[in-house]
Amino acid sequence: NAGVMQNPRHLVRRRGQEARLRCSPVKGHSHVYWYRQLPEEGLKFMVYLQKENIIDESGMPKERFSAEFPKEGPSILRIQQVVRGDSAAYFCASSTDSGNTIYFGEGSWLTVV
Amino acid sequence: AQSVTQLDSQVPVFEEAPVELRCNYSSSVSVYLFWYVQYPNQGLQLLLKYLSGSTLVKGINGFEAEFNKSQTSFHLRKPSVHISDTAEYFCAVTGGYGGATNKLIFGTGTLLAVQP
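Protein chains in written order, with my numbering: chain A, 1277 to 1389; chain B, 4 to 119.
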């Protein structure tokens, strides 16, 4: 009974490096969402993807951040040239077409030093 | 646009006492409402959800919530809490904007701190 799988769980990057976070949705789910949780804050929506398509990226920073969900393989959230302010927990979630239940992964904690 | 307000950032309560965590939402369309729980350094676990039908929704771990459309509220309750209920609780809403997005909009969370 595999749920949403995220890796790595913890990632440390130096300023200026790239961070790649991976998310495998629940089997059979074609919708993926990425959220960011800054320390002591709630979850902020970043991007919503279906297979090979970005549906809503209204929460994505305009620069350095990108996301994809290819036909085969996991969804990837990519952060280029990381800065200290990118340090956060990044959560992936998935759902079926109806979207009436959205399951979350355990999160990936990014620390930028 | 949709939004969620959790008025209480922290709720301290003694073990075996009842608790209510408040959630209000705003939306111009019909909504789905959710409560999630987050234990330290972990992901979010779905407690319960309201999609339609009965306004009283029962979830896991003895929690329940009541959807009140006139007051645009979806408060979470438990009649008797345990130490193990100590966690962050998030209320969330999703629904059609007339478009095709399913994204969840979260409140800022309420820390339930259960004391012995």
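Ideal Cβ placement from N, Cα and C applies to all residues, glycine included.
Nearest Cα to D1362/A within the set W1385/A, S1334/A and E1328/A: W1385/A. By the rule that beta-carbons nearer than 8 Å mark a contact, F1345/A does not touch chain B.
Taking a Cβ-Cβ threshold of 8 Å, none of the residues of chain A is close to G56/B; the smallest such distance is about 12 Å.
Listed in chain order, the non-local C-beta contacts of D1373/A below 6 Å within the same chain number zero, local neighbours out to five positions each way being set aside. The contact set of E1382/A on chain B, defined by CB atoms closer than 7 Å, consists of Q45 and G46 in chain order. For I63/B, the three-state secondary structure derived from DSSP is helix. Within the same chain, Q9, E91, Y92 and F93 come within 7 Å of G112/B by CB-CB distance, once the 5 residues on both sides are set aside. Note that the stretch 1300 to 1318 of chain A touches the stretch 1353 to 1372 of chain A; at least 3 beta-carbon pairs, one per stretch, sit closer than 8 Å. Assignment of R1360/A by DSSP, reduced to helix, strand and coil, places it in the helix class.
Residue A1365/A holds the alpha-carbon nearest to the alpha-carbon of P43/B among A1365/A, T1387/A and E1294/A. For the 8 Å CB-CB criterion, E1382/A and Q1313/A do not form a contact. Using beta-carbon distances, F1341/A does not count as an interface residue toward chain B, since no partner is under 8 Å. The straight-line gap separating the alpha-carbon atoms of S1351/A and I1331/A is approximately 14 Å.
Out of P119/B, A4/B and V22/B, the CA that lies nearest to the CA of A68/B is found in V22/B. Taking all protein chains shown into account, L59/B has fewer than 16 neighbouring C-beta atoms within 10 Å of its C-beta and is therefore exposed. Chain-ordered, the chain A residues with CB closer than 9 Å to the CB of T111/B read E1317 and G1318.
Per DSSP, reduced to three states, the secondary structure at D11/B is coil, with no helix or strand assignment.
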